[in-house]
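> If you're matching them up, the sequences are chains F and E in order. Using my numbering, the first residue of the first sequence is number 15, and each one after it goes up by one. Using my numbering, the first residue of the second sequence is number 41, and each one after it goes up by one. Even glycine gets a Cβ: it sits at the ideal position worked out from N, Cα and C. Keep in mind it's a predicted model, so treat the numbers as computed, not measured.
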Amino acid sequence: MNVFDSLTDTGARDVQRTVSGSPPERASLPLTRLRNHLLKGHRGRIVGATTQAARHARWCDLPAELAPALAAALRASGRERLYSHQSQAWELARTPRHLVVATPTASGKTLCYNLPVLDAVLSRGHKALYLFPTKALAQDQAAELMALSRAIQAAGGPGVKAFTFDGDTPGDARKAVRTRGDIVLSNPDMLHQAILPHHTKWAQFFEGLAYVVVDELHTYRGVFGSHVANVFRRLRRVCRFYGVQPTFLFTSATIANPAELAERLCGEPVVALTESGAPQGERHLLLWNPPVINPDLGIRASARSQTTRIARAATTLGLKSIIFARSRLMVEVITKYLKDVFDRDPRKPARVLAYRGGYLPSERRRAEQTMRDGAVDLVVSTSALELGVDIGALDVAILNGYPGTIAATWQRLGRAGRRLKPSLGVMVATSDALDQYMMRHPEFFFGASPEQARIHPDQLLILMEHVRCAAFELPFHDGESFGAEDLGEMLGYLRDEGVLQHQGGRWFWIADSYPANAVSLRSVAEGNFVVIETTEGAQRVIAEVDYSSAPGTLYEGAIYMIQSQPYQVERLDWIGRKAFVTRTRADYYTDAIDYTRLKILARFEGRALGQGATAQGEVHLVRRYPGYKKIRYYSHDNVGYGHIDLPDQEMHTTAVWWQIAPQALDRALPDRQQAIDGFLGAAYALHHIAALRAMAEIQDLGRSVGDAQGTWFAVVGNAGRGQLRGPDHQPLEPSAEPRFEPTLFLYDNYPGGVGLSAPLFDDAALLVRDALDLVTHCGCRSGCPACVGPVLQSDETLAVTPRAAAQRVLALLDAVTQPRAWESAADRSDVLSAG
Amino acid sequence: MSQLSLKDRLGRLRGSPPAGATAPTAPAPSLAARLQRLTLGRARVETHSRSGGAALVEALGAVEVAPGVLRLERQFGARERHGQVALGPDGCASALAALDHGGPAPRVLEPLSGASLGRELLCLDTETSGLAGGTGTWAFVCGFLRGHAKGWTLRQYLLTRLDAEPAYLDAIAAELQPRALLISYNGRAFDIPLLTTRFRLAGLRDPFPDVPHLDLLQPVRRAYGRVWADCRLASVEQRLLGFVRQDDLPGAAAPAAWLDWLREGAVAPLAGVMRHNRWDLLSLAALLPRLGAVFADPLAHAADIRAIAAYHQSRGRTEQALDLLQSGRRRLTHAGLLELARLHRRRGDWEQARAIWEELDAADDATARTELAKYHEHRTRDLARALALARRLPPGPERDRRCARLGAKTR
C-alpha cells in the first residue's frame, strides 16, 4: 500500500510524474498545491517522497455481550460499529489474553482498552489500573473517561469513577481514590513508590483488579523499561497476594517488536494486534534536506529557517499546521519567527500557539481547547504533543529535525490528517549525523520498523533494588522466584546487609527504611545529585542529576542549563551529592573533556568479521574528566579552559568491540596517526548508527578507542587530531608503542549495562555496513559532524583525510564488501590510492 | 560471568576495581576467592540462637502466651500517681463527662455521648520498627492499659519472632472488645493504620473499624497548639502532668533495640522499650482527667482560649464561647478581641463591641477601624465620622470604595 519513490537529485523527474499522475481531489486542493509548490520549487532539497493511499475503514458490529448501558452510550455518541482491531482487542481482552495494540496514531487505540475495562466495571464491578508515562496523559484520559461515564449514566447505567493518582493528588483525596475508584489512572513511578509499598491501604482495589492498562508501551525501554518490568513483577506478586491475576492491555507506537517488549515487561505471553481497521486519508511525506552552504565543512542551511518557510507557505494556503521542534528553546524561537509574520496585529486573536512542557495544567488545558476548536493555524510543540493528547484535526506536520526514533517520527507525523482528510508531513533534517543518515535512507521511514525496543529486567543492580522493594512489600517464601537470578542468593545478600531476616521459611523485612524512595525508575546507580540555586542567599533545589552524568555536568565552573537559563556551578559537594549554582549571564557553555579507558574483563562471545573480529563482553571502565572547555555561543570558538578535580569514575558494564588484524591494518593505514584518526572517526559513525538500531539516546551508549588492556586510549586532542594517552593520561607517541592493536568499543553507558550490547553484537556486521555507508556517501570532503565528527580546516589538506581514514577502517571490518574491497568500486578509489 | 558470586558481581558493577587482572582468558577464580575480593559486603550479621527467648521471658518477667509472643501484665491501683496526677479508679467517668461537654469530644465521641460513659477505657500505644511507614514497618510492641473499678490493668504484648505475628495479632484483637473506647495519642494517624496494615498482611480480619476511638492529640493541639513549641507527649508530661522520665529509652531508639534482639539476642534494650511504652500508657490515662480540667477551665491552665472558644462556637455553644473570651479578655490578642467584638455584635450588644473596636483602633488595627467605620455608617449614621475613619484605612481598593461611597452619601 505504500507508493514510495526514493529520489536522488538526478531522479527528481520521477516525483513530478507521480504528482501530475494523481488527480487532485477537490477537498484537498490547498494541500496538493502546497505539495506541488514544495516539489517543484525546491526539488534539490527533497530527497524522498512517498504517498500512502487512503484506506477505508474495516468495520465490525458492536459485540452483543457488551454491557447494555455501555452499548447504548456508544450508540448515543455515534459509534454504532467498531474498527476491526478494536473488535479483535475486545475478544482477546475478554478471553482473557494479555495483548498489545500497535496501530498508527489516531486509530482509536484508547477504545481497545476502554471497552473491555468499562464492561468489566459495569457488568462485574471489577477495577482497572491505567498507567501512563506522564501525568498529563493520565489527566487527559481521566477527562475522556469522565465524559464516557456521563454518557453511560445518560443511558441509564451507573457512573464509572475514574480518578488520577499522582504526586499532585492531595492527601485527603487519596483515600477516596483508593477505596472508591473503579479506574485509577497513574504512572509507573507512583505505582513503585506510593502504591505497592502501601498495598494494604489499596486492599479493596487490588481485590477487584482485573485489568492493567499500559499506554505508550514504546516509551518503556532502556533503563526505564528495565525498572518498570521489575515494578510489574512486584505488582503481580502483590496481586497474587490478593488472589487476582490481572490482564495486561498495552498500546504502542509502531516498533519492530511490540509483543516481545510487552512480554518482557509483564513476564507472560502477549498477543500483538498490528493491523489497523481505522480509516486513513491519503498521506504524503516529504524528506527535506536543507541545501549545503559550505561543502568543505559539510555545513547546511539551518533546519529552522527551512521549517519556518514551509510553515509560512502552508499557512498562506489556508492550511493548519503543527511544527515539532526538539527543544523548548527551539519551540520558542520558531514561535517568535512565525508570530512576527502572522501575529503582528495584537487586536486579532493569535494564529500561532506554542505548546511545551513546563506550562501550568490550566494553561495547557486552555491551549488544548484552542487547538481542538481549530482557532489557531500554527502550533509549535516539543515532544509534549507527540503522545496521545487530543488536539483535533490538522493538515500539515513539519518536523524540525529527526526526533531520534522512527516510532516518534510517525507519532508526530500522525498528528496531521485525522479521519479521511489527506495530510502532508515534511521532515526537515538538521546537520546532525543521524538526520543526514536518515535523509539518505528514506526506506527506514517507509519499510517495516527497524527499531527494536530493548530492556534488560535482570540487570543485576536494577533487579537487586526491586528484590529489596518486593521484600519490603511482602515477605518472600523459600522457593519463590523473582527474575532470572537465584533469589535465595539475593535474599541472603540482603540478610547479610541486615535488612532481612530469615525465619520459618520466610524472609522478613526488618530495617527502618522505605526502599522504594531510594530507587529512581529513571536511573541505575543510586545517589542522585541535587542542584541547589544559591543566588540571593536563598537555597532552592532546581534540578536533580543522576549519579553517572553528574561528574560530566556538575564540575566546579560548569555552566548548567535549565530551560535555557544558564547557571554556573560554584561548588560541588561530592560526598553530600550536592551542586551549588548561581544564575549567570555567561556567553559561553562548557564541555567536559572526557578521558575514558576500557579494559576487557571477560569475553562472552566473538566471531571473525572482515579482516578483523568483533566480540562482546564485560568491560571495566575508568573515566576521568581532566578539565573542560569554554565554548562561545554561535561562533563555537574555544574561549578558555578550566581544571576539573574529581575522582576517577569507575564502572563495570558490557560492550561490543571491533579489532582489525595488525597486518591488514598496517597495509591499509601504515601511518599510525592516520589509523587512530580512522578508528576515532569510525567510532563516531558507528556510535550514531548503533543508537538508531538500539532505539537508544546517543548518551545511552559510549564509544572509546584503546588497546583493550587499558594501557593506552585515543582521544581527539585540541588540535582536532587523535592522540594516544597512557594509563596516567600522559600523551604517548603512537609510533613508539611496541604493540599497536587499536580496539573500537561501543559500550552500554549504565553500570552493569541495560542490555544494549548483546543486540549490537548480533547486528555488528550490519552496523559496520551502515556506518561505512554513512561515511562513504556523506556530501562533505574530508569529514563533518554528519559522518566522522567535526574536523578542522587544516585537516582538509591531509593526504588521507579523517573521513578517508575512517572509511578504510570500516572497510576492513565490513564482512560483505571485504573480499572485493581491494580490487573494485570506483567510489573506493581513495581507499585504493592510499594502499 | 555466572560463575561469579552475586556479591562479587554487585561490587564490580558498582565500580569497585577488580582485585586481580581478570584477563579475558584467565580462569574464573573460586567462589571463596571472589568472596574474599569483595569490597562491598558488610559484616555478616548473625541471628541469635533460639535459647535467647527464655532469657528474655525471665528478664522481663513476662509470660509466653504463644511461641514468639510475650505478655507483661501489671496492676495499678486507683490511688497510684503518675507525676502529679492520681490515676483514679476506672475510666474516670468524671473525666469523660468533662471531655464530653467540656468540649474536646472529637467526631467519634460526640455521637456516643451518653453511651460512652458506660464504655471501658482502653489506652493503646505501640512501639514500631521505624517511622518509614508502608508494609515493611512492624508494630512489635502493643501495650494496653485498661480502666476498671479498682484501677488500671497494664498488658503489653511483645513480638519476639517474626513468624509469630499471626498469633501476636490474635492476642491484640482479643483485647479489643467492642465495648471498649480506645484512647491513644496520635493513634489515628500512626498506630491504628500501622496495625491495620499488619492485620491485612497476615490475612486476618481488621478489628479496629468496630471500636470507637478518641485520639487525645487533637484536643491537646486545640488547647496548646499555638501556645507550646510542640505537642509531643513529652511536652504534655512536662507541662500538664508534672511527670519526668528518668533514664527513659527514647522512642527513636526502639527500632534498634528490637533489631538488636532479633539479630543478637540482646535483652536489656527491650526492657527499656517496655518501660517506655508503659510510661506512654500511664501518661495517656493521666492525661484524660487533666484534659477534662483544662477544657472546664482553660484560663487556669494557660490554654489557648481563642481556639477553645472557636471550638465551642463550632459546636453551637456561643454563650460558653463568649463567657470564655470575656473572662480571659486581658490575655487576648487582637484577633481574639475582634472575635469577642464579633460575638457581642451578633448578640446586639453594640456598646461592648464598639468599646473593643475603639480600643483596637487606637492601637492602629485596620480591621477594627473598618468595623468601626461600618458601625458609624450603618448604626449611628454618623457619616462624617465614618468617612474620617475610612480615610485612615490603609490604601487599597477597599478603602477607595468605602471612601467613595461615604463621600457620595455625605454630599
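Can you name, in chain order, every residue of its own chain whose Cβ lies under 6 Å from the Cβ of E:Leu383, other than the five neighbours on each side?
Contacts found: Leu362.
> Residues of the segment 192-208 of chain E in Cβ contact with chain F at a cutoff of 8 Å, in chain order, please.
Of all residues in the segment 192-208 of chain E, Arg201, Leu202 and Asp203 have a Cβ within less than 8 Å of some Cβ in chain F.
> Suppose you measure from the CA of E:Ala269 to the CA of E:Ala347; what does that come to, to the nearest Å?
Their backbone Cα atoms lie some 16 Å apart in a straight line.
> With 16 other CB atoms within 10 Å as the buried threshold, where does E:Arg451 fall?
Per the 10 Å Cβ criterion, exposed.
> What residue does the alpha helix (DSSP H) around F:Ser771 start on, and which one ends it?
It spans Ser771 to Asp776 - the alpha helix (DSSP H) in which F:Ser771 sits, taken as one unbroken run.
> Between which two residues does the beta strand (DSSP E) carrying F:Lys613 extend?
Element bounds for F:Lys613: Tyr609 to Leu623.
> Could you tell me which residues DSSP puts in a beta bridge with F:Ala142?
Answer is F:Ile197 and F:Tyr225.
> Short check: CB of F:Met709 to CB of F:Thr419, under 7 Å?
Yes, the Cβ-Cβ distance between F:Met709 and F:Thr419 is below 7 Å.
> In this structure, how does DSSP classify F:Met453 when only helix, strand and coil are distinguished?
Correct three-state label for F:Met453: helix.
> Which of helix, strand or coil does DSSP assign to F:Ile269?
Residue state, collapsed to three classes: coil.
> If you draw a straight line from the C-alpha of F:Cys798 to the C-alpha of F:Asp742, how long is it?
Answer to the nearest angstrom: the Cα atoms are 31 Å apart.
> I'd like the ranges of any alpha helix (DSSP H) spanning at least 4 consecutive residues and lying wholly in the segment 491-546 of chain F.
The segment 491-546 of chain F contains these whole alpha helix (DSSP H) runs: 501-511.
> If you compare alpha carbons, which of E:Leu44, E:Leu244, E:Gly282 and E:Leu100 is closest to E:Val307?
The shortest Cα separation from E:Val307 among E:Leu44, E:Leu244, E:Gly282 and E:Leu100 belongs to E:Leu100.
> Please decide whether F:His212 counts as near chain E, where near means a Cβ-Cβ distance under 7 Å.
Judged by the 7 Å Cβ criterion, F:His212 is in contact with chain E.
> Cα separation between E:Leu164 and E:Glu113?
Each residue's alpha carbon lies about 14 Å from the other.
> Does F:Gln673 have its Cβ less than 7 Å from a Cβ in chain E?
Judged by the 7 Å Cβ criterion, F:Gln673 is not in contact with chain E.
> Check the Cβ-Cβ distances between F:Tyr642 and every residue of chain E, and say whether any is below 7 Å.
Chain E contact via Cβ: absent.
> For E:Ala118, which of E:Arg439, E:Ala296 and E:Leu322 has the nearest alpha-carbon?
Minimum Cα distance to E:Ala118 is reached at E:Leu322.
> I need the boundaries of the beta strand (DSSP E) containing F:Ile589, first residue and last residue.
Segment: none, F:Ile589 is in no beta strand (DSSP E) and carries neither H nor E.
> Excluding the five sequence neighbours on either side, which residues of its own chain have a C-beta within less than 8 Å of the C-beta of F:Gly195, listed in chain order?
Result list for F:Gly195: Lys141, Lys175, Ala176, Phe177, Phe179 and Phe219, in chain order.
> In angstroms with no decimal places, state the Cα-to-Cα distance between F:Arg617 and F:Glu632.
Each residue's alpha carbon lies about 7 Å from the other.
> Report yes if the C-beta distance between E:Trp397 and E:Leu412 is below 7 Å; otherwise report no.
Yes.
> When burial is assigned at 16 or more other CB atoms within 10 Å of the CB, is F:Val114 buried or exposed?
It is buried - the Cβ of F:Val114 has at least 16 other Cβ atoms within 10 Å.
> Using the three-state DSSP reduction, which class does E:Arg266 fall into: helix, strand or coil?
Here E:Arg266 sits in coil by DSSP.
> Provide the residue span of the alpha helix (DSSP H) that contains E:Ser169, from first to last.
Counting along the chain, E:Ser169 falls outside any alpha helix (DSSP H), and DSSP gives it neither H nor E.
> Starting from F:Ser101, follow the alpha helix (DSSP H) in both directions and report where the run begins and ends.
Ser98 to Arg108 is the span of the alpha helix (DSSP H), which, as asked, contains F:Ser101.
> Can you list the residues of chain E that F:Trp523 reaches, using a CB-CB cut of under 7 Å?
Result: Gly176.
> Show which residues of chain F have a CB atom less than 9 Å away from the CB atom of E:Gly173.
Neighbours of E:Gly173 on chain F, chain order: Pro211, His212 and Tyr528.
> Enumerated in chain order, which unbroken segments of the beta strand (DSSP E) with a length of 3 residues or greater are wholly contained in the segment 304-330 of chain F?
Those beta strand (DSSP E) runs which fall completely within the segment 304-330 of chain F and span 3+ residues are 306-308.
> Ignoring anything shorter than 4 residues or poking outside the segment 345-419 of chain E, list the alpha helix (DSSP H) runs there in chain order.
You should have 345-354, 358-367, 374-386, 390-402 and 406-414.
> Quick check on this structure: which residue in F:Pro211, F:Asn201, F:Ala83 and F:Leu84 has the alpha carbon closest to the alpha carbon of F:Phe486?
F:Phe486 has its Cα closest to that of F:Pro211, out of F:Pro211, F:Asn201, F:Ala83 and F:Leu84.
> Can you confirm whether E:Pro295, when its beta carbon is compared against all beta carbons of chain F, has any partner nearer than 7 Å?
Yes, contact with chain F.
> Give the straight-line distance between the Cα atoms of F:Tyr351 and F:Arg361, rounded to the nearest whole angstrom.
Taking the straight line joining both Cα atoms gives about 19 Å.
> Do F:Val789 and F:Ala819 count as a contact pair if the criterion is CB distance below 7 Å?
Cβ atoms of F:Ala819 and F:Val789: not closer than 7 Å.
> With 7 Å as the threshold, decide whether the Cβ of E:Gly170 is near any Cβ in chain F.
True, the Cβ-Cβ gap to chain F drops below 7 Å.
> Would you say E:Cys443 faces chain F, with C-beta separation under 7 Å as the test?
No, E:Cys443 lies away from the interface with chain F (no Cβ there is under 7 Å from its Cβ).
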